[in-house]
Every structure is written in C-alpha cells, then in structure tokens.
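K.L.:
Protein chains in written order, with our numbering: chain A, 1 to 111; chain B, 112 to 225. From the three backbone atoms N, C-alpha and C, an ideal C-beta is built for every residue, glycine too. Model, not experiment: these values are computed from the prediction.
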C-alpha cells in the first residue's frame, strides 16, 4: 500500500539557522503535496503546497522541494525562529483523493 | 471568517459506549474530512463528505461512521468504543469543487476511552 515516511522524528536547530525537514513517499502517481505545521494543542495549519509539475515553490521563509525521481519532498525553513517550534507533517494526495500524512517531525528551536 | 469549529473539545467515555463528535466547516466550504491522530499511528484519514455524500473512506472498521448535513456541518460517530479509540479527532474543511486544494483544520476533539 501507499506510505509516507519522514526521515527524522525530531530535529533540533539553533535559532537563526536553516531547518530542513524531509519526507519520502511511495506512490509515484501522487500529484499534490502539502506541508502542515501543528503546534501543541492546535490542529494542523497549512504552510505550503506544491503540485507534481513543479520541483520548487517558495513562500515566506519556507521553500518546498520536490524530487519525483527519488520520491522525496523537503521543507526548508530559513532563519528558524522559536515560533517555528512545532510538529511538521507532509501530506500527499493519492489519485483516490485521500490525503495521506507522514508521522511528523518535531522541530525544536534552541535560543 | 470563522475557522473550523469542533465540539466538544474534550470527551471521556468508557469502553462499550458510543460517541458523536461535531464539526462546523468554514462558511462556504462543502467538503469535510475527518482524521484520527494518535502518537503511534500519526494522522490517519477516516472519511470525507462532500454535499452530504461520503466521497472517500479510510481503512477504519464499521464502528466509525459519519454524516454531513445540508448546511455542510458534519458529525462522526464511534460505536462500541475501545481503549484504542483514544485519540485526537480532527476535522478539516475545504472549498474545493472537484479539485484538490488546501484543507483547513479545526482544533480537534480529544477523546479518552477508559
């Protein structure tokens, strides 16, 4: 069956450094990818998305990279701030319209 | 515009009972999806409703059911509760009209089964 995996369950970075959170997926037919951020006690919040016809998309301080050849997705956060501390999920839509999530990476930002 | 709301926020039940959770989507959104979040399994898709019809279903037993009303509000029901049903249940709405786009999540209902 389909699977979505994250490379690291936790990531600790220094404030001001760049963070990179990775995600791997198994279904090469997936055509829409999305990153969510979940803070403690809250529901997931949309960060950025990308379609399969792109390999890079930039937002405010965030960049998503998609490598369809190796089925890998990454989220880069520039100049990481304490407010970025949260659990980050990648989500992948399959052709059946279901959103499959990875397990999540907990990002901790050290001041 | 008000966000997705879920009620109740917290719920404690005992094994064998049944529970109904409610979700009010963002005004104008017609698609509502439900997810179960647990530390061990992460976020797992339960089902999706669009215009009062179940459009997609995840791999959960028949004890988990849902429905959507004409105003797009949705409920999910879990019957014969088991300890393993303890989780955060999240509802998400989107405005998509046949295309995939962003889902907006509510704060969730924390269900504890004793």
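What are the residues that DSSP puts in a beta bridge with residue 140 of chain B?
P.N.:
The count along the second chain starts at 1 and reaches residue 140 of chain B at position 29. Residue 140 of chain B pairs with nothing; no bridge assigned.
K.L.:
Could you say which of B:189, B:203, B:121 lies nearest to residue 222 of chain B if we only look at CA atoms?
P.N.:
One-based indexing of the second chain puts residue 222 of chain B at position 111. Nearest C-alpha to residue 222 of chain B: B:121.
K.L.:
Is there a Cβ of chain A sitting closer than 9 Å to that of residue 144 of chain B, yes or no?
P.N.:
In the second chain, residue 144 of chain B corresponds to position 33, counting from 1. Output row for residue 144 of chain B: interface = yes.
K.L.:
Is any beta-carbon of chain B found at less than 9 Å from that of residue 68 of chain A?
P.N.:
In the first chain, residue 68 of chain A corresponds to position 68, counting from 1. Taking Cβ atoms only, chain B never reaches closer than 9 Å to residue 68 of chain A, which makes this a no.
K.L.:
What residues in the stretch 80–107 of chain A bring their beta carbon closer than 9 Å to a beta carbon of chain B?
P.N.:
Against chain B - using a Cβ distance shorter than 9 Å - the residues of the stretch 80–107 of chain A are 89, 91, 93, 96, 97, 98, 99, 100, 101, 102, 103, 104.
K.L.:
Please list the residues of the stretch 29–44 of chain A that have a C-beta atom closer than 9 Å to any C-beta atom in chain B, keeping them in chain order.
P.N.:
Residues passing the 9 Å Cβ filter: 31, 32, 34, 36, 38, 41, 42, 43, 44.
K.L.:
Less than 9 Å between CB atoms is the rule here; does residue 198 of chain B satisfy it with respect to chain A?
P.N.:
Here residue 198 of chain B is taken as the residue at index 87 of the second chain, counted from 1. Not closer than 9 Å to any Cβ of chain A, the Cβ of residue 198 of chain B fails to qualify, so no.
K.L.:
Distance cutoff 9 Å, beta carbons only. Does residue 136 of chain B sit that close to anything in chain A?
P.N.:
Here residue 136 of chain B is taken as the residue at index 25 of the second chain, counted from 1. False, the Cβ-Cβ gap to chain A never drops below 9 Å.
K.L.:
Is DSSP giving residue 195 of chain B helix, strand or coil here?
P.N.:
For this step, residue 195 of chain B is matched to residue 84 along the second chain. It is helical.
K.L.:
Taking residue 28 of chain A as the reference, which of A:83, A:72, A:86, A:82 has the closest Cα?
P.N.:
Along the first chain, one-based indexing puts residue 28 of chain A at 28. With distances taken between Cα atoms, residue 28 of chain A lies closest to A:72.
K.L.:
Quick one: what's got a C-beta closer than 7 Å to residue 109 of chain A's C-beta in the same chain, skipping five residues either side?
P.N.:
On the first chain, position 109 is the one that residue 109 of chain A refers to. So the qualifying residues of the chain are 13, 15, 80, 81, 82, 84, 85.
K.L.:
Going by C-alpha distance, which of A:58, A:66, A:59 is nearest residue 32 of chain A?
P.N.:
Within the first chain, the letter at position 32 stands for residue 32 of chain A. Ranking the options by Cα distance to residue 32 of chain A, first place goes to A:66.
K.L.:
Where does residue 31 of chain A fall in DSSP's three states?
P.N.:
Position 31 of the first chain, counted from the first residue, corresponds to residue 31 of chain A. Residue state, collapsed to three classes: coil.
K.L.:
Residue 192 of chain B: buried (16+ other C-beta within 10 angstroms of its C-beta) or exposed?
P.N.:
The residue you call residue 192 of chain B lines up with position 81 of the second chain. Classification of residue 192 of chain B: buried, given that the 10 Å Cβ count is 16 or more.
K.L.:
When you check each C-beta in the stretch 50–64 of chain A against every C-beta of chain B, which residues fall closer than 8 Å?
P.N.:
Under the 8 Å Cβ criterion, the stretch 50–64 of chain A contributes no residue.
K.L.:
Is residue 55 of chain A helix, strand or coil when you go by DSSP?
P.N.:
Your numbering for residue 55 of chain A matches position 55 in the first chain. Of the three classes helix, strand and coil, the one that applies to residue 55 of chain A here is coil, per DSSP.
K.L.:
Based on the DSSP secondary-structure assignment, which residues constitute the bridge partners of residue 122 of chain B?
P.N.:
Numbered from 1 along the second chain, position 11 holds the residue referred to as residue 122 of chain B. For residue 122 of chain B, which the question treats as bridged, DSSP gives the partners B:222.
K.L.:
Does any C-beta atom of chain C lie closer than 9 Å to the C-beta of residue 203 of chain B?
P.N.:
Absent from the structure is chain C; the protein chains it does hold are A and B.
K.L.:
Excluding the 5 residues preceding and the 5 following residue 11 of chain A in the sequence, name in chain order all residues of the same chain whose CB lies nearer than 6 Å to its CB.
P.N.:
In the first chain, counting from the first residue as 1, residue 11 of chain A sits at position 11. Excluding positions up to five away in sequence, the list reads 105, 107.
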